[in-house]
Amino acid sequence: MATLASMAYFAHHAVSGNRGIVAKRAYEAEMKALEADLKKVKAERTALEKRVAALRPTQVERDMLDQLARERLGYMHPDERVLEKQ
1 MATLASMAYF AHHAVSGNRG IVAKRAYEAE MKALEADLKK VKAERTALEK
51 RVAALRPTQV ERDMLDQLAR ERLGYMHPDE RVLEKQ
C-alpha cells in the first residue's frame, strides 16, 4: 500500500510539478515566444545599424542627410507637396 501511494505521489509530481511535463510544455511555449521576439529585435537592430552607418561623418549618404533635414527641420523645395499621415 505504501509503495502504491509513493508511486502515485511521484507520478503526480512528474506530470504536474514545478519540473513536470506540464511545466516543460509551458517553458517550451515561452521559449518559442522569446525566440520570436529576439528575431524581431535583431532585425530592428540591423536596420538601425544600417541607418547609423549611413550617417558616419566620413561617408554621409546625401539621400539620408536630405531626408533627415526635411523631417527634422521642415525644409522642402518650392515644387514639392506635403502629404500628412492620418
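Heads up: the sequence shown begins at 1 in the UniProt record's numbering, then just goes up one per residue. Just so you know, even glycine gets a beta-carbon here, dropped at the ideal spot from N, CA and C.
- Between residue 11 and residue 21, the CB-CB gap reaches or exceeds 8 Å.
- Each residue's CA atom was taken as its position, placing residue 76 and residue 33 some 43 Å apart.
- Within the model, the alpha-carbon separation for residue 49 versus residue 19 is close to 40 Å.
- The continuous alpha helix (DSSP H) containing residue 51 extends over residues 21 to 54.
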